[in-house]
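*Asks:* This is the structure I have questions about; it appears just below.
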Amino acid sequence: MQRVCTAAEAIFYFDTIFKGSNGNTLKPNRNCNLTSWVSGCEPGWACRTPSNEPDLENSQVIPSRTNSCQPCCEGFFCPRGLTCMIPCPLGSHCPVAKLNDQTGICEPYSYQLPPGKQNHTCGGANVWADVHSSGEVFCSAGSYCPTTVQKELCSKGHYCRKGSTSEKRCFKLTSCNASTSTQDLHAYGIMLIVATVTLLLIIYNCSDQVLTTRERRLAKAREAAARSARETAKARKRWIAAKNAAKKHASELQSHISQKFSFKKSTKDPEELKILDRTRFEADEDSYAPAYTSASSESLSSSAASKGQMHEIEDDIEKHDRFDVSSHDRKSKGHTTKGKQPHTNSQIFKYAYAELEKEKAKQEENKDLTFSGVVSMATNPEIRKRPLIEVSFKDLTLTLKGKDKHLLRCVTGKIKPGRITAVMGPSGAGKTTFISALAGKAMGCKMTGLILINGKNESIRSYRKIIGYVPQDDIVHGNLTVEENLWFNAKCRLPAHLSKPDKVLVVERVIEALGLQMVRDSLVGTVEKRGISGGQRKRVNVGLEMVMEPSLLILDEPTSGLDSASSLQLLRALRHEALEGVNICMVLHQPSYSLFQMFDDLVLLAKGGFTVYHGSAKKAEQYFAGLGIHVPDRVNPPDHFIDILEGIVKPSQSSGVNYKELPVRWMLHNGYPVPPELQQTAARISMPSASPDLSDGISPHAGIDERSFAGELWQDVRTTVEIHRDTIRHNFLKFKDLSSRRTPGVLWQYRYFLGRLGKQRMREAKVQATDYLILLLAGACLGTIGKTGEENFGAIGYTYTIIAVSLLCKIAALRSFSLDKLQYLRERASGMSSLAYFLAKDTIDHFNTVIKPLVYLSMFFFFTNPRSSFAENYVVLLCLVYCVTGIGYAFAIFFHPGSAQLWSVLVPVVLTLVATRTQDNEVLKNISNLCYPKWALEAFVIANTEKYYGVWLITRCGALSKSDYNLHEWTLCIGILILTGIISRLIAFFGMITFRKK
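Residue numbers (the working numbering): 897 to 1894.
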């Protein structure tokens, strides 16, 4: 005990170690200095204290220790410059050294005997520091040291890492030879890869098979229901025809008998006779049956059987009608109410197709929408079940901000419910701008004038739940079928109280009206993968708005890309919508004459956004004829009008009309105020004797404002800020809902989005498989290159892991929001929940968040074989993937695809470099605390260093101190990664609902 170091001496030694010394050279102290250097000051030697029992707990004063210097005992180490012994830690091997006569080194240590001291011999161990400075005291790899003086070789079936105190049994299926330091886990890696790949193949193949089987079963049920409905309708027709024939025959027979046996001619009123015939028909059948007893019994039985069969058919039809169908006629105000609700697919399809057959029968009764049929349906009080919306506008003017360019000028008029209004004009006339203003979508423009809804000054956005807007581009989901696109819109936008059978009926009606029956189960297709034709895609684009049963339907060039037959079919479907009171307004480019005849009203715009004509389409020719503009024979009227407005065709000289004067003539015709710049033209028109002036009274240089470069730059910046401000205000400003329609809430829409995204991801199995394959290769490569080193606790391999996983997962996350931005903008504008959309996207991506760490670690972990467990590495990598996925969302939303990919590559590399280069720079150290790679790397390293103990303590403590890591902050690191993922998702969601890219 007299040679064992006191607390003060131990503190002195470890203080020197942690201040950067390697342990071989200590500072001068009381016993070892320039004036006093005894044999105990040499490495591997120690001395006694003068007193018999030194105070080992004294941490203040180093005792005098210079007597009886002897070699250090086994299991202890004696540093150079200190005359006491310190116990060796667990996991070390500290035998007495032996002199190597050839090298003069005391082995297994690296110190030499001091020169000039003949009686000095090799002692014990001389130093314990980090593994770089004192690796010789560490129990060697492939061996284990139960005590500090005992060393055993690892037996077969076991492995022993460097600094081990016991041997560990190898897992089954692994190969562990004698004296091995690691177990070969490649078999487990291969098994995990095979299991993961098999599981993914089962999921994707079975999911695809489930989708295919389900679609096949639905198709069979649908076809059976359609066939049953057609047969029932035919049976009804046959029964009605037979019943009418029987009634007619009975009436003729009764009249014949009455004339034969009556003594005087009947003078009853004809109306009374009809009532008599109707009420006595059944009685007459029974009373006159004996008169036909002479007829053959076979004839009678056949007639009775036929009559019974007809009654049976009628009873079946009535039973079918009582199956909760009669309460939901399309023309009725209510929907399925009481009674047995159809719940199976077969029952739902039977219900839907029975209703469709009824509607077809009513259309036939109304003579296929001829004039009398239209009047009959239009005057039916039950047909107008949708809220009516009339949009009127007065002096509507739109000016482009920053450029003072007029897009619309002084447009006045109204579009009425139950009518189809066509908006036409040459290119640049502001047609799309006009309907965008009506729909409340005109951004970046200053609007003056009034837009009234049903005569009230209210925002059109208050009615957006019952307004359908069909964009010019076909914005549909290409990886969904036609029916899936329509069905999703119906579920999210139809009233929440509407039952599933009623929603199915709406979708089936739209599919049949648009002629999409043959492609209903076909994928719409994308640019890379072809699907349905362009015309069919256009009809699907229109159908997305028709399935929500709008009261106002605005369409931007719905017939572009359609042939005449498809355009006519589309217009017939829209005509049917108009009969229900829907206000339909559409932009067209030179429709055919047959299509032009189907429009009720016409809005004709000239270049500059002026109105040339607004009124009944049938009276347009009459109006222009009054101006002296006549449509030549065999020329389509709308083509002729547009050619005149373009200046291609000149009006006749006799008319004295210039095409530039047409907007002013319309204003004067209706008594509208004329803008100041057109006053001279109006005066000239009012005084025909004045000489014509084609300049419209406007100076060539009028309106030109000379500005400096700085002024123009400031104006552009100001305009951009105003546009962004208007966009944010447009997205966040809440309007009172006046549509009286309660659509499904956020939770229900979240469920619908989940179903849709699940189908889309299942159809993108190849893309997902490619991601997993890349992760497997990255894990194998990085596991081979960056093997876990005992000296750095695997920090190098983990650094590579953070960069690779961040880069790959961020790029994969970009696809979640980059590929369907236009679809989202359309759905958001229609009133669908952005929160439900975002949460559904994130929820679906959680599958990848869980699987990708497993795929990567299946290679990396078993190649590097760190001391931390697989579960610990998986938890850290799971949180890292969750974090970087949220950052990828933000990049996808705030940047364009090219820029987002560049940021996804640069950010993980730069942040990781910042997080690992903080030793000498306080600023970088503070910045690194804001970088997620710092916390991910710290979590990896802490999980691994916790498994190092005993002889590794100094090495572990030094490494953690150098990197500014805390062994007790593993939970904090995990929490910060999760918090970063949550914050990045909140930022991404805010950007998604705030900003709208051009």
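We put the beta carbon where it would ideally sit given N, CA and C, even for glycine. As the structure is a computational prediction, the values presented were derived from the model and not from experiment.
Going by CA-CA distance only, name the one from R1711, F1758 and M1755 that's closest to K1737.
*Replies:* Locating residue 1737 in the sequence shown gives position 841, counting from the first residue. The shortest Cα separation from K1737 among R1711, F1758 and M1755 belongs to R1711.
*Asks:* In three-state DSSP terms, what is K1064?
*Replies:* By one-based count along the sequence shown, residue 1064 stands at place 168. Correct three-state label for K1064: strand.
*Asks:* Quick one: which unbroken alpha helix (DSSP H) runs of 4-plus residues sit fully inside the region 1490–1539? Chain order, please.
*Replies:* With a minimum length of 4 residues, the continuous alpha helix (DSSP H) runs that stay inside the region 1490–1539 are 1516–1522.
*Asks:* Taking the continuous alpha helix (DSSP H) assigned at D1716, which residues delimit it?
*Replies:* Residue 1716 sits at position 820 when you count from the first residue of the sequence shown. For D1716, no alpha helix (DSSP H) encloses it, and the DSSP letter there is neither H nor E.
*Asks:* Can you give me the C-alpha to C-alpha distance between F1756 and I1001, rounded to a whole angstrom?
*Replies:* Residue numbering aside, residue 1756 sits at position 860 when the sequence shown is read from its first letter. Residue numbering aside, residue 1001 sits at position 105 when the sequence shown is read from its first letter. F1756 and I1001: Cα-Cα distance of roughly 42 Å.
*Asks:* For S988 and C1035, which I take to be in contact (beta-carbon distance under 8 Å), what is that distance rounded to the nearest angstrom?
*Replies:* Here residue 988 refers to the residue found at position 92 when the sequence shown is read from its first residue. Here residue 1035 refers to the residue found at position 139 when the sequence shown is read from its first residue. So it is a contact: roughly 6 Å between Cβ atoms.
*Asks:* Using only alpha-carbon positions, find the residue among W1135, G1690 and S935 that is nearest to G1012.
*Replies:* Here the question's residue 1012 lines up with position 116 in the sequence shown. Considering only alpha carbons, the answer is S935.
*Asks:* Excluding the five sequence neighbours on either side, which residues of its own chain have a C-beta within less than 6 Å of the C-beta of K1830, listed in chain order?
*Replies:* Taking the first residue of the sequence shown as position 1, residue 1830 is located at position 934. Cβ within range, chain order: A1811 and S1824.
*Asks:* Might you give, ordered along the chain, the residues of its own chain that have their beta carbon closer than 7 Å to the beta carbon of C1341, omitting 5 neighbours on each side?
*Replies:* Stepping through the sequence shown from its first residue, residue 1341 is reached at position 445. So the list reads L1294, T1295, L1296, K1297 and L1303, once near-sequence residues are dropped.
*Asks:* To which residues of the same chain is P1793 closer than 8 Å at the C-beta, ignoring the five residues directly before and after it?
*Replies:* Stepping through the sequence shown from its first residue, residue 1793 is reached at position 897. Around P1793: L1710 and S1714.
*Asks:* Report the CB separation of W1562 from Y1509 in whole angstroms; it is logged as a contact under 8 Å.
*Replies:* Residue numbering aside, residue 1562 sits at position 666 when the sequence shown is read from its first letter. Residue numbering aside, residue 1509 sits at position 613 when the sequence shown is read from its first letter. Right, their Cβ atoms sit about 6 Å apart.
*Asks:* The beta strand (DSSP E) spanning H989 covers which residue range?
*Replies:* Taking the first residue of the sequence shown as position 1, residue 989 is located at position 93. Note, H989: premise wrong, no beta strand (DSSP E); not H, not E.
*Asks:* Please classify S1800 as buried or exposed, where buried requires at least 16 other C-beta atoms within 10 Å of its C-beta.
*Replies:* Taking the sequence shown and counting its residues from 1, one reaches residue 1800 at position 904. The residue is buried, with at least 16 neighbouring Cβ atoms inside 10 Å.
*Asks:* Which one or two residues does DSSP pair with C1002 in a beta bridge?
*Replies:* Position 106 of the sequence shown, counted from the first residue, corresponds to residue 1002. The partner list for C1002 (beta bridge, DSSP) reads L995.
*Asks:* If you check the beta carbons only, do N1744 and A1855 fall under 8 Å apart?
*Replies:* Looking up residue 1744 in the sequence shown gives position 848. Looking up residue 1855 in the sequence shown gives position 959. If you check the CB distance, N1744 and A1855 do not come in under 8 Å.
*Asks:* Do you know how far the Cα of R1724 is from the Cα of L1501?
*Replies:* Locating residue 1501 in the sequence shown gives position 605, where the first residue counts as 1. Locating residue 1724 in the sequence shown gives position 828, where the first residue counts as 1. Answer to the nearest angstrom: the Cα atoms are 30 Å apart.
*Asks:* List the whole-angstrom C-beta distance separating N1022 from G971, where the pair is believed to meet the contact cut-off of C-beta under 8 Å.
*Replies:* Your numbering for residue 1022 matches position 126 in the sequence shown. Your numbering for residue 971 matches position 75 in the sequence shown. About 14 Å separates the two Cβ atoms, so there is no contact after all.
*Asks:* Got a sec? Which residues, its chain only, sit under 8 Å from A906 by beta carbon, not counting five neighbours each side?
*Replies:* By 1-based counting over the sequence shown, the position of residue 906 is 10. So the qualifying residues of the chain are I982.
*Asks:* Relative to the C-alpha of F1506, which residue among V1771, K1290, W1383 and I1783 is closest?
*Replies:* By 1-based counting over the sequence shown, the position of residue 1506 is 610. Taking only the C-alpha atoms, the option nearest F1506 is K1290.
*Asks:* Consult DSSP for T958 and reduce its assignment to one of helix, strand or coil.
*Replies:* Position 62 of the sequence shown, counted from the start, is the residue given in the question as residue 958. Looking at the sequence provided, one finds Ile at residue 958 rather than Thr. Of the three classes helix, strand and coil, the one that applies to I958 here is coil, per DSSP.
*Asks:* DSSP beta-bridge partners for G1309?
*Replies:* In the sequence shown, residue 1309 corresponds to position 413, counting from 1. DSSP, once it has assigned bridges, lists F1289 as partnering G1309.
*Asks:* Measuring straight from C-alpha to C-alpha, what distance separates V1436 and V1443?
*Replies:* Against the sequence shown, residue 1436 aligns to sequence position 540. Against the sequence shown, residue 1443 aligns to sequence position 547. Rounded to the nearest angstrom, the two C-alpha atoms are 10 Å apart.
*Asks:* Could you check whether the Cβ of E1286 sits closer than 8 Å to any Cβ belonging to chain B?
*Replies:* Absent from the structure is chain B; it holds one protein chain and no more.
*Asks:* Given this structure, state the Cα-to-Cα distance separating V1406 from G1439, to the nearest angstrom.
*Replies:* Working through the sequence shown from its first residue, we reach residue 1406 at position 510. Working through the sequence shown from its first residue, we reach residue 1439 at position 543. Whole-angstrom Cα-Cα distance: 6 Å.
*Asks:* What are the start and end residues of the alpha helix (DSSP H) that includes Q1645?
*Replies:* One-based indexing of the sequence shown puts residue 1645 at position 749. Q1645 -> alpha helix (DSSP H) spans V1642 to M1658.
*Asks:* Please return the same chain residues whose Cβ sits closer than 6 Å to the Cβ of W1024, not counting the five positions on each side in sequence.
*Replies:* Looking up residue 1024 in the sequence shown gives position 128. So the list reads F973, S1030 and V1033, once near-sequence residues are dropped.
*Asks:* State the Cα-Cα distance for the pair D1741 and G1326, rounded to the nearest angstrom.
*Replies:* Sequence index remark: in the sequence shown, residue 1741 carries index 845 (1-based). Sequence index remark: in the sequence shown, residue 1326 carries index 430 (1-based). Roughly 42 Å separates the two Cα atoms.
*Asks:* Can you tell me the Cα-Cα spacing of A1179 and A1129, whole angstroms?
*Replies:* Taking the sequence shown and counting its residues from 1, the one referred to as residue 1179 is at position 283. Taking the sequence shown and counting its residues from 1, the one referred to as residue 1129 is at position 233. Reliability of the predicted coordinates at A1179 is poor, the pLDDT of 38 falling under 50, and the value obtained from them is presented with this limitation in mind. Cα-Cα distance, rounded: 29 Å.
*Asks:* Sort out for me which residues DSSP pairs A1811 with in a bridge.
*Replies:* The count along the sequence shown starts at 1 and reaches residue 1811 at position 915. Answer by DSSP bridge pairing: none, since A1811 is not bridged.
*Asks:* What are the boundary residues of the alpha helix (DSSP H) that includes Y1752?
*Replies:* Position 856 of the sequence shown, counting from 1, holds the residue named residue 1752. Membership of Y1752 in the alpha helix (DSSP H) is indicated by the continuous run S1730 to T1760.
*Asks:* So, is F1836 buried or exposed, given that buried needs 16 or more other C-beta atoms within 10 angstroms?
*Replies:* Position 940 of the sequence shown, counting from 1, holds the residue named residue 1836. Classification for F1836: buried.
*Asks:* When you compare the CB positions of S1635 and I1311, do they come within less than 8 Å of one another, or not?
*Replies:* For this step, residue 1635 is matched to residue 739 along the sequence shown. For this step, residue 1311 is matched to residue 415 along the sequence shown. Contact flag unset, no.
*Asks:* If contacts are defined as beta-carbon pairs under 8 Å, then F1494 and L1467 qualify, I think. What distance do you get, rounded to the angstrom?
*Replies:* Working through the sequence shown from its first residue, we reach residue 1494 at position 598. Working through the sequence shown from its first residue, we reach residue 1467 at position 571. According to the sequence shown, residue 1494 is Met rather than Phe. Right, their Cβ atoms sit about 5 Å apart.
*Asks:* Do you know how far the Cα of V1027 is from the Cα of T1851?
*Replies:* On the sequence shown, position 955 is the one that residue 1851 refers to. On the sequence shown, position 131 is the one that residue 1027 refers to. Using only the alpha carbons, I get a separation of about 6 Å.
*Asks:* In chain order, what residues of the same chain lie with their CB nearer than 8 Å to the CB of R976, ignoring the 5 residues before and after it?
*Replies:* Counted from its first residue, the sequence shown places residue 976 at position 80. Here the set comprises N920, T921, L922, C937, E938, P939, Y1007, N1022 and V1023.
*Asks:* Which residues share a DSSP beta bridge with V1366?
*Replies:* As a working note, residue 1366 is residue 470 in the sequence shown. DSSP output for V1366 lists L1451 as bridge partner(s).
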